[in-house]
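Note that the protein sequences, when read in sequence, are chains G and E.
Here the first sequence is numbered in our numbering, starting from 1 and rising by one per residue.
Here the second sequence is numbered in our numbering, starting from 1001 and rising by one per residue.
All residues carry an ideal CB built from backbone N, CA and C; glycine is no exception.
All of these numbers come straight from a predicted model, not from anything done at the bench.
First the structure, in the form of structure tokens, and then the observations on it.
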Amino acid sequence: MKLVNLAKVSRYFTLGQNRVCALKQIDLQVNKGEFLVLKGASGSGKSTLLNLIGAMDEVDEGEIAIAGKALGPMSDRQKSHVRRDHIGFIFQSFNLLPVLTALENVQYPLSLRTGGKAAGASSHKENKAKALAALERVGLADFVNHKPNQLSGGQMQRVAIARALVTEPDIILADEPTANLDSENAQSIMALMKQLNRQGITFIFATHHDYVLEQASRVIELRDGCILQDKQRVAA
Amino acid sequence: MLSINFFRYKIALLNVLRNRRRSLITLLSIQIGVVSLILFGGFVASMYEGMRENMIRSQLGHLQIYQAGFNQYGHIEPEQYLLTQEQVQQVSNLVSGLAEVELLTPRLDFSGLITNGNQSVAVVGNGIDPDKEALLSSAITLIEGEDLFPEDQAGALVGQGLYNALNANIGDYLTLLASTADGAVNAVDVQIVGAINTGTREVDNRLLRINLSHAQDLQFTQGVSRLVVLLKDTAQTQIVMDKLSQLFEQEGLTLEMRSWSQLADYYHEVVNLFDGVFGFLKIIVLFIAALSIANTMMMAVMERTPEIGSIRALGATRHEVMMLFLTEASYLGLFGSTLGVLLGIFMANSITLAEFIMPTPPGSSQSYPIRIFVEWTVVWQTALTGVLVAVLASIYPAFKASRLLINQAMRSA
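And the structure:
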């Protein structure tokens, strides 16, 4: 089942007087259950591609569909709903809301559904139970009332993973999720994500770390905005 | 719905508490605005009330009743528009049946010359019932001598300015010349029993008050120019006027009436002037508060750009981001206004209790202590305006926040 479908996608940026091509005519399909890694040097287009798949940026050419829904004709509000209902995000800098506790951070995306009266929206009490379950899943049941500044980098990234998981998205996008972690924490986080992938969650990573590549079921190498290599591999 | 509101309100509140110093400065600017508007509004209200009651209780009463046509033609031929004794009696009977009325008193107006032998001064005089006027004209203060009594047939009260101009002493006899009702000139002797201050310098420079019977003798008439009605409460003026109109119609009396408000042109000029000043001051104060709030919210948007990117990435719509910042602004407005109201009420009461003396206002001859009313209409309107200004001033920053590009906002971490 195709979760992500990119057809002839191009993206340009204007830098001063120059128009720079960040992605050129990209065709890409991602199936359910993949553990896909986008690799490439800085400026190769990994993050741009991830932003486009995450409905956080607009294509200049081509078309993107997420879970069968074409993003092109959608309004900003509809794209927000796609992000809310179909995509989970894990960021390099964790990006937790500093004023909320770990539990509240995980609960927040669910509250957006409830407020928007989305399909599958649940009550505040149910949201709290789901958030608690997600935190237990990432091994942070004892830290629910901790604020982000009371957590280590590894713990913050686990909270971010729980936040991405809690809405049961079709796909989780992770942009350099281990870049700000020490090697021990980075490997632990990767092991956790791999475990979640085995449970059926689709991951797309942007990274250049080898230990992430080792976990991948598919590696796409980008260079100068083009796909240089697209390799299926047997994960470790 | 409960869940999203809970988080939005919680995040907004926590963000207000997050940067305490900046929030405190913003709250302070809202507070200062609210306090200054409550104090100025309360001061103006007390001034209006003081001026209104002073006019009512020194000159105008709440209502005045005249012969029909008096206000249009009476100044040319006053003798033709006097109320007859019979009419006075009829009106007295009707008015005495109204519970809202405190008293009714007759006045006979005249103008003439008063002379001490060396100099003559033009006067505006009233023939009055001294016992009733003592109750009606409670705002008139006796500066020297003693009050006028019905037994003082030739007695006269003179305005302070007139008293000084005549260089007279209490007990001095003066000659008063005036036209009679049939157009002749008559003169009577009056003895100064006291000098009075009405609070209005222009009036005090010309005022002479004598017993009604003495004024009637001077003018060879039994009529009166007007009947002045004093009510128990100024707020009942229109109600009593309506009732009296009905009664006059039923009794076939062709009379006309004027309320204090219709007679007090100067009061309305002052009210209009101060309303304008208050409105202008309000705009300035609210503009300063709005600038401070807008600045705070812009700083918050700039500081929290990565957070805005995050919540947008998680699926928050632009509307949700905007509402988050507007909720934050509402908190600032609500807290600032509440604290401002409490401080404003405290300061208004403290200043009133302290009884600071104000300088004598232009055109007046009396100084008075500052009184600041807690005007509940001003209080709730100012508090509501404080919240509204906070929200309105935050619309642009909130809009900017909602329009941030997600990927760029995230990159600014």
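Residue environment, residue i, which counts as buried when at least 16 other CB atoms sit within 10 Å
i: Q1420(E); result: Outside the shown range of chain E, which is 1001 to 1413, sits residue 1420(E), and nothing can be said about it.
i: T1377(E); result: exposed
i: F1149(E); result: exposed
i: Q107(G); result: buried
i: M1323(E); result: buried
i: V20(G); result: exposed
i: M1001(E); result: Reliability of the predicted coordinates at M1001(E) is poor, the pLDDT of 43 falling under 50, and no value is obtained from them.
i: H86(G); result: buried
i: K130(G); result: buried
i: S1412(E); result: exposed
i: Q199(G); result: exposed
i: N1205(E); result: buried
i: T1105(E); result: buried
i: E104(G); result: buried
Within-9 Å CB hit, residue i to chain E
i: T178(G); result: no
i: M1(G); result: no
i: D76(G); result: yes
i: F203(G); result: no
i: G54(G); result: yes
i: H146(G); result: no
i: Y211(G); result: no
i: S47(G); result: yes
i: P73(G); result: no
i: Q107(G); result: yes
i: R158(G); result: no
i: V59(G); result: no
i: V99(G); result: yes
i: L103(G); result: no
i: D224(G); result: no
i: S217(G); result: no
i: T167(G); result: yes
i: N95(G); result: yes
i: R137(G); result: no
i: H81(G); result: yes
Test: residue i CB closer than 9 Å to a CB of chain G
i: M1410(E); result: yes
i: L1404(E); result: no
i: A1401(E); result: no
i: F1007(E); result: yes
i: L1281(E); result: no
i: A1313(E); result: yes
i: I1351(E); result: no
i: N1054(E); result: no
i: T1317(E); result: yes
i: K1243(E); result: no
i: S1310(E); result: yes
i: E1303(E); result: no
i: R1018(E); result: yes
i: P1306(E); result: yes
i: E1320(E); result: yes
i: L1014(E); result: yes
i: M1001(E); result: The predicted position of M1001(E) is uncertain, since its pLDDT is 43 and thus under 50; no value can be drawn from it.
i: N1272(E); result: no
i: I1011(E); result: yes
CB contact flag (residue i, residue j, <9 Å)
i: P148(G); j: P98(G); result: yes
i: L140(G); j: A174(G); result: no
i: V1188(E); j: A1154(E); result: yes
i: L1157(E); j: D1147(E); result: yes
i: L1263(E); j: L1083(E); result: no
i: Y1396(E); j: A1294(E); result: yes
i: N215(G); j: E221(G); result: The amino acid at residue 215(G) is misidentified as Asn; the sequence shows Gln. In this structure, E221(G) does not lie closer than 9 Å to Q215(G) by Cβ.
i: R223(G); j: R233(G); result: no
i: V1414(E); j: V1240(E); result: What is shown of chain E runs 1001 to 1413, which leaves residue 1414(E) out entirely.
i: I1056(E); j: W1260(E); result: yes
In DSSP terms, what residue i is bridged to
i: G1159(E); result: I1196(E)
i: E63(G); result: A7(G)
i: F1110(E); result: G1125(E)
i: T1105(E); result: V1228(E)
i: E1151(E); result: Paired residue(s): none; E1151(E) is not in a bridge.
i: Q1236(E); result: According to DSSP, Q1236(E) bridges with nothing at all.
i: F89(G); result: L173(G)
Contact test: residue i Cβ vs the ligand HEM heavy atom, cutoff 8 Å
i: L165(G); result: Looking at this structure, you won't find the ligand HEM or any other ligand, since it has none at all.
Interface flag, residue i vs chain B, CB-CB below 9 Å
i: N1295(E); result: Absent from the structure: chain B. Protein chains present are G and E.
Open item on the list: Suppose only complete runs of 3+ residues qualify. What are the beta strand (DSSP E) ranges in the segment 5-48 of chain G, listed by chain order?
Closed with: 18-31, 35-39
Task: Any beta strand (DSSP E) of 3 or more consecutive residues that is wholly inside the segment 159-219 of chain G - done: 171-175, 202-206
TODO: Could you name each continuous beta strand (DSSP E) segment of 3 residues or more that falls completely within the segment 1035-1073 of chain E, going from the start of the chain to the end?
DONE: 1063-1067
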